[in-house]
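Enquirer:
In the working numbering, the protein residues as written are 10 to 318.
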């Protein structure tokens, strides 16, 4: 058996021997919105991470609008960025290894269950693990012992994981299910009838650009801080954000590609490995909450996950 890394070295040598031209099957195809800044940041991280071990490997971007099954069939590995690209790639029913990246768990679960010749595809999700979110609350807001959760038709599993993790950490949990945007405000009123930390999940059917201000204003009026899933949520008025950047997701995607090129099988679906915490100091001041810095909270949470304190 070749030692780990030998297959990567052989592939790199083969790519360089051709004067930089990739032989058949040596291409990574990335299906994305080429005008999307987050997608471009993810793509740049994929390329940068692959450049050192495989300097001759071609990583080709393909816009969603130009996706064709015949073109994707020429690639060794196909990567999709975002939920729209994931659906486009899934509909092609490819027999090559597929990695869906930069999408939520609800979007991943909604993909059609087609047969794949290379086995079920894998994914790198945007959703932060429930235990990580609860651990952040314990670090950042040790005096807050009540959380509020809202779920839609596609977020049942996520809410159950958060409920389990919060109760295991001795939090009181207030939760409600929302089937449409019309039910959002009454549900918020119910779960926030007493101040609680509202955990926002990446379910676009509930939490989206049309509802974000209503959610944040309602929480603020109930003197309830919000834990969001992006830096944008924090800029909009959430007290805390726990998220992975496009660059972090891109690096993790590249690591999965390297495993494939090293002869390993696609791993199961992965949660984000690297992450960042964001803090809105203005909201903290308005709510009378004292918080450590975003950098300190990120470092403390990373140490805790690594087994330190």
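Backbone N, C-alpha and C define an ideal beta-carbon position, used for all residues, glycine too.
Quick one: Cα of residue 30 to Cα of residue 286, how far?
Expert: Note that residue 30 has pLDDT 32, beneath the 50 cutoff, so the model's placement of it is unreliable and the number below is only indicative. In a straight line, the C-alpha of residue 30 is about 41 Å away from that of residue 286.
Enquirer: Do you know offhand how far residue 84's Cα is from residue 70's?
Expert: Taking the straight line joining both Cα atoms gives about 11 Å.
Enquirer: So what's residue 316 in DSSP terms, helix, strand or just coil?
Expert: In this structure, residue 316 counts as coil in the three-state DSSP scheme.
Enquirer: Shortest alpha-carbon distance to residue 183 belongs to which of 48, 199, 191, 190?
Expert: Of the candidates 48, 199, 191, 190, the one whose C-alpha sits nearest the C-alpha of residue 183 is 199.
Enquirer: Taking the continuous beta strand (DSSP E) assigned at residue 155, which residues delimit it?
Expert: Counting along the chain, the beta strand (DSSP E) containing residue 155 begins and ends at 155–160.
Enquirer: Quick one: is residue 257 buried, meaning 16 or more other Cβ sit within 10 Å of its Cβ, or exposed?
Expert: Residue 257 comes out buried.
Enquirer: From which residue to which residue does the beta strand (DSSP E) around residue 183 run?
Expert: Run containing residue 183: 181–186, per the beta strand (DSSP E) assignment.
Enquirer: Return helix, strand or coil for residue 252, following the three-state DSSP convention.
Expert: Reduced to three states, the DSSP call for residue 252 is strand.
Enquirer: For residue 37 versus residue 86, is the C-beta distance shorter than 9 Å?
Expert: Yes, the pair counts as a contact, with Cβ atoms nearer than the cut-off.
Enquirer: Whole angstroms are fine: how far does the CA of residue 297 sit from the CA of residue 266?
Expert: Distance between the alpha carbons of residue 266 and residue 297: 46 Å.
Enquirer: For residue 289, which of helix, strand or coil comes out of DSSP?
Expert: If DSSP states are grouped into helix, strand and coil, residue 289 belongs with coil.
Enquirer: Note down the Cα distance separating residue 204 from residue 150, rounded to an integer number of angstroms.
Expert: Using only the alpha carbons, I get a separation of about 13 Å.
Enquirer: Measure the C-alpha to C-alpha separation of residue 227 and residue 159 and round it to an integer number of angstroms.
Expert: Approximately 13 Å, taken between the alpha carbons.
Enquirer: Would residue 272 and residue 58 qualify as a contact pair, given that the criterion is a beta-carbon distance under 9 Å?
Expert: Cβ distance not < 9 Å, so residue 272 and residue 58 don't count as in contact.
Enquirer: My understanding is that residue 48 touches residue 42, with C-beta atoms under 8 Å, so please give their C-beta distance in whole angstroms.
Expert: Between residue 42 and residue 48 the Cβ distance is about 5 Å, and since that is below 8 Å, they are a contact.
Enquirer: On the DSSP letters alone, give me the boundaries of the beta strand (DSSP E) that residue 38 sits inside.
Expert: That run of the beta strand (DSSP E) goes 36–41.
Enquirer: Quick check on DSSP: helix, strand or coil for residue 30?
Expert: The predicted model places residue 30 with a pLDDT of 32, which falls under 50 and marks its position as unreliable, so this point remains unresolved.
Enquirer: May I ask which residues mark the beginning and end of the alpha helix (DSSP H) holding residue 148?
Expert: 139–149 is the span of the alpha helix (DSSP H), which, as asked, contains residue 148.
Enquirer: Is it buried or exposed, residue 35, if we count other Cβ atoms within 10 angstroms and call 16 or more buried?
Expert: Residue 35 should be labelled buried.
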